[in-house]
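Down below is the structure, laid out as structure tokens.
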Amino acid sequence: MSAVPQPGDPGQRPVLVVGGGIAGGLLALALADAGLAVTLVDEGFSRATALSYGGVAWWAGAPGALGALIRQAPQAWRALEHRHGPIGWHPCGLRLHGGSVLEGLWRPPFARVDAVAFRQALARMLPRAGITVLADRVLGPLERVSGGWRLRLQAQADLEADQVVLAAGAGCLALWPALGQRLRLSWAGVLALEAMPAGRPPAGSRWLEQGRRGRLVQPRHWRRRSLEQQAATLQQEAWIVDAGLAPWGKGVLVGQISLVRPPARQAEPPDPAWMEERLRQGLSQLEKSLGSLAGPYRQVPVTFCAGGIPLAGPIDAAPGLWAFTGFSGAFAQVPVLAPRLAQAIALAASRPKPG
Numbered sequence: 007m008s009a010v011p012q013p014g015d016p017g018q019r020p021v022l023v024v025g026g027g028i029a030g031g032l033l034a035l036a037l038a039d040a041g042l043a044v045t046l047v048d049e050g051f052s053r054a055t056a057l058s059y060g061g062v063a064w065w066a067g068a069p070g071a072l073g074a075l076i077r078q079a080p081q082a083w084r085a086l087e088h089r090h091g092p093i094g095w096h097p098c099g100l101r102l103h104g105g106s107v108l109e110g111l112w113r114p115p116f117a118r119v120d121a122v123a124f125r126q127a128l129a130r131m132l133p134r135a136g137i138t139v140l141a142d143r144v145l146g147p148l149e150r151v152s153g154g155w156r157l158r159l160q161a162q163a164d165l166e167a168d169q170v171v172l173a174a175g176a177g178c179l180a181l182w183p184a185l186g187q188r189l190r191l192s193w194a195g196v197l198a199l200e201a202m203p204a205g206r207p208p209a210g211s212r213w214l215e216q217g218r219r220g221r222l223v224q225p226r227h228w229r230r231r232s233l234e235q236q237a238a239t240l241q242q243e244a245w246i247v248d249a250g251l252a253p254w255g256k257g258v259l260v261g262q263i264s265l266v267r268p269p270a271r272q273a274e275p276p277d278p279a280w281m282e283e284r285l286r287q288g289l290s291q292l293e294k295s296l297g298s299l300a301g302p303y304r305q306v307p308v309t310f311c312a313g314g315i316p317l318a319g320p321i322d323a324a325p326g327l328w329a330f331t332g333f334s335g336a337f338a339q340v341p342v343l344a345p346r347l348a349q350a351i352a353l354a355a356s357r358p359k360p361g
């Protein structure tokens, strides 16, 4: 019989999860399913999850054993929806542009998770699962105390826990700077239109029409991954534009510009006007009307690991501290990795404390 403690056990302190995006949210649910009491601390500002295309590229492959795992992503999302209700999961078509075969359409079983619907669903699912959600900012770096960890909050009383998971994306670097040995940061920007622009072909955009039909539009060859692989050797900042779009609630996300800087400057936000101008220039190369859309530009810091393998496990020389961040393709990777990490944390929490 499992020795995993159950919520409410006298000797159990809640596992603390820092970050309320896809990584922190799905891990918190998995920890609750594993029988652990969970407190999630979320700063609540705009994060990468909110501006994601949400494509579940389970077929795209990944280094090593991760490639086999992410092929289970569709089943993982369907299981989450069966357990918790609608979460924004949609089978969809994928329209590719560029390359030797122009504008190829891939039909389901490709799928996406609508970022707007997912955020709304997560706000419903977490309390229903018995998870305590605190809207606050964790101030770093974390402090090691006898038998566990202390988290200093900006507006509320300090928290202490035996097990802490850093799942706050770019915020993880301030909480545990040693993660910077593997975890890198880039800046991503999109046009975020809360309503789908009017007009259908031939007068309107043929690419926006794909979004109206619930399809993703992506370049045949994503350039962002190549940029991330070069990050360790960059001597000056580099940027690329991947022209595409994705349904986003009742609106649409258009384009994506990615900028990577050398490590010493990676956390410095780029000039939004400069980024927007280059994003619009890149979109205009796909279709002139896309570059002139009257939509707001938004940018967020994004974490990645240059080798393509995310941080999903214990942090070296820091007993009880875990990392769950640095994903390249979070909507395919997180739902299959979260239950596995939750089981490892549950096992660690069940062990007697030394001394």
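Residue numbers (this note's numbering): 7 to 361.
The beta-carbon is built from N, C-alpha and C at its ideal position, and this holds for glycine as well.
Predicted, not measured: the structure shown is a model, and the values here were computed from it.
Open item on the list: Counting only C-beta atoms, is E234 closer than 8 Å to chain B at any point?
Closed with: Chain labels in this structure do not include chain B; a single protein chain is all it has.
- [ ] Rank A173, L299, V223 and Q262 by C-alpha distance to the C-alpha of A201 and give the top, closest one.
- [x] Locating residue 201 in the sequence shown gives position 195, where the first residue counts as 1. Nearest of A173, L299, V223 and Q262 to A201, Cα basis: L299.
Task: Euclidean distance between Cα positions of G257 and L132 - done: The residue given as residue 257 occupies position 251 in the sequence shown. The residue given as residue 132 occupies position 126 in the sequence shown. Spanning the two alpha carbons is a distance of roughly 26 Å.
Open item on the list: I need the straight-line Cα distance from A355 to G30, nearest angstrom please.
Closed with: Translated into the one-based positions of the sequence shown, residue 355 becomes position 349. Translated into the one-based positions of the sequence shown, residue 30 becomes position 24. Between A355 and G30, the C-alpha separation is close to 18 Å.
Task: Sheet register partners of P80 (DSSP bridge) - done: Translated into positions along the sequence shown, residue 80 becomes position 74. P80 is not bridged to any residue.
Task: Buried/exposed call for V223, threshold 16 Cβ in 10 Å - done: Residue numbering aside, residue 223 sits at position 217 when the sequence shown is read from its first letter. Per the 10 Å Cβ criterion, buried.
- [ ] Could you pull out every residue in the same chain whose Cβ sits closer than 7 Å to the Cβ of V160, ignoring the five residues on either side in sequence?
- [x] Within the sequence shown, numbered from 1, the residue matching residue 160 stands at position 154. A small correction: the amino acid at residue 160 is Gln; Val does not occupy that position in the sequence shown. Result list for Q160: D142, R143 and L145, in chain order.
Task: Three-way DSSP call (helix, strand, coil) for A194 in this model - done: If you number the sequence shown from 1, residue 194 lands on position 188. Strand, per DSSP.
- [ ] Keeping to the same chain, check which residues put their C-beta closer than 7 Å to that of S295; ignore five residues upstream and five downstream.
- [x] Translated into the one-based positions of the sequence shown, residue 295 becomes position 289. Cβ within range, chain order: S211.
- [ ] Would you kindly check if the distance between the Cβ of R53 and the Cβ of G195 is under 8 Å?
- [x] The residue given as residue 195 occupies position 189 in the sequence shown. The residue given as residue 53 occupies position 47 in the sequence shown. No, the pair does not count as a contact, with Cβ atoms beyond the cut-off.
TODO: Report all residues from its chain with a CB closer than 6 Å to the CB of R101; omit the five preceding and five following residues, and keep chain order.
DONE: Position 95 of the sequence shown, counting from 1, holds the residue named residue 101. Answer for R101: L111, Q216, R221 and V223, listed in chain order.
TODO: If I'm right that L214 touches L251 with Cβ under 8 Å, what's the distance once you round it to whole angstroms?
DONE: The residue you call residue 214 lines up with position 208 of the sequence shown. The residue you call residue 251 lines up with position 245 of the sequence shown. Contact flag correct, Cβ pair sits at about 7 Å.
Open item on the list: Output needed for E293: all residues of its chain with C-beta closer than 7 Å, excluding positions within five of it in sequence on either side, in chain order.
Closed with: What you label residue 293 is simply residue 287 of the sequence shown in a count that begins at 1. Excluding positions up to five away in sequence, the list reads S211 and W213.
Task: Sequence-distant residues of the same chain with beta carbon closer than 8 Å to A273, five excluded per side - done: The residue labelled residue 273 in the question sits at position 267 within the sequence shown. So the qualifying residues of the chain are A176, L179, L191 and P307.
- [ ] Compute the Euclidean distance between the alpha carbons of W64 and Q78, then round it to the nearest angstrom.
- [x] If you number the sequence shown from 1, residue 64 lands on position 58. If you number the sequence shown from 1, residue 78 lands on position 72. Taking the straight line joining both Cα atoms gives about 7 Å.
Open item on the list: By alpha-carbon positions, which one of L343, A34 and A318 ends up nearest to G25?
Closed with: Position 19 of the sequence shown, counting from 1, holds the residue named residue 25. Per the C-alpha coordinates, the member of L343, A34 and A318 positioned closest to G25 is A34.
Task: Within 8 Å, strictly: CB atoms of L347 and F330 - done: Residue numbering aside, residue 347 sits at position 341 when the sequence shown is read from its first letter. Residue numbering aside, residue 330 sits at position 324 when the sequence shown is read from its first letter. Going by C-beta atoms, L347 is nearer than 8 Å to F330.
- [ ] Check whether the Cβ atoms of L233 and A249 lie closer than 8 Å to each other.
- [x] The sequence position of residue 233 within the sequence shown is 227, counting from 1. The sequence position of residue 249 within the sequence shown is 243, counting from 1. It is not a contact, given that the beta carbons lie outside the stated cut-off.
- [ ] Give the C-beta separation of R284 and V247 to the nearest angstrom, bearing in mind that I take them to be a contact with Cβ-Cβ under 8 Å.
- [x] For the purposes of this step, residue 284 is taken as the residue at position 278 of the sequence shown. For the purposes of this step, residue 247 is taken as the residue at position 241 of the sequence shown. Indeed they touch by this definition, with Cβ atoms about 6 Å apart.
- [ ] Name the two residues that bound the continuous beta strand (DSSP E) containing C178.
- [x] As a first step, residue 178 is located in the sequence shown; it is residue number 172 there, counting from the start. Premise fails: C178 lies in the alpha helix (DSSP H), C178 to L181, not in any beta strand (DSSP E).
- [ ] Look at the alpha carbon of G297 and the alpha carbon of A43, and state the distance between them as a whole number of angstroms.
- [x] For the purposes of this step, residue 297 is taken as residue 291 along the sequence shown, with counting starting at 1. For the purposes of this step, residue 43 is taken as residue 37 along the sequence shown, with counting starting at 1. Roughly 48 Å separates the two Cα atoms.
Task: DSSP beta-bridge partners of P307 - done: Locating residue 307 in the sequence shown gives position 301, where the first residue counts as 1. Residue pairing by DSSP places P307 opposite W193 in a beta bridge.
Open item on the list: Whole angstroms are fine: how far does the CA of V266 sit from the CA of T239?
Closed with: What you label residue 239 is simply residue 233 of the sequence shown in a count that begins at 1. What you label residue 266 is simply residue 260 of the sequence shown in a count that begins at 1. Each residue's alpha carbon lies about 11 Å from the other.
Task: Beta-carbon proximity check, I93 vs F337, cutoff 8 Å - done: Counting from 1 along the sequence shown, the entry for residue 93 is found at position 87. Counting from 1 along the sequence shown, the entry for residue 337 is found at position 331. It is not a contact, given that the beta carbons lie outside the stated cut-off.
TODO: Can you grab the Cα-Cα spacing for the pair P341 / Q242, in whole Å?
DONE: Residue numbering aside, residue 341 sits at position 335 when the sequence shown is read from its first letter. Residue numbering aside, residue 242 sits at position 236 when the sequence shown is read from its first letter. Taking the CA atoms as reference points, P341 sits about 35 Å from Q242.
Open item on the list: By the DSSP assignment, the alpha helix (DSSP H) with L167 in it spans what residues?
Closed with: On the sequence shown, position 161 is the one that residue 167 refers to. A small fix is needed here, since residue 167 is Ala in this sequence, not Leu. Looking at the DSSP string, A167 is not in any alpha helix (DSSP H); the run it does join, the beta strand (DSSP E), is L165 to A167.
Open item on the list: Is the separation between the beta-carbon of Y59 and that of R125 shorter than 8 Å?
Closed with: Taking the sequence shown and counting its residues from 1, one reaches residue 59 at position 53. Taking the sequence shown and counting its residues from 1, one reaches residue 125 at position 119. Their beta carbons are not under 8 Å apart, which means Y59 does not touch R125 by this criterion.
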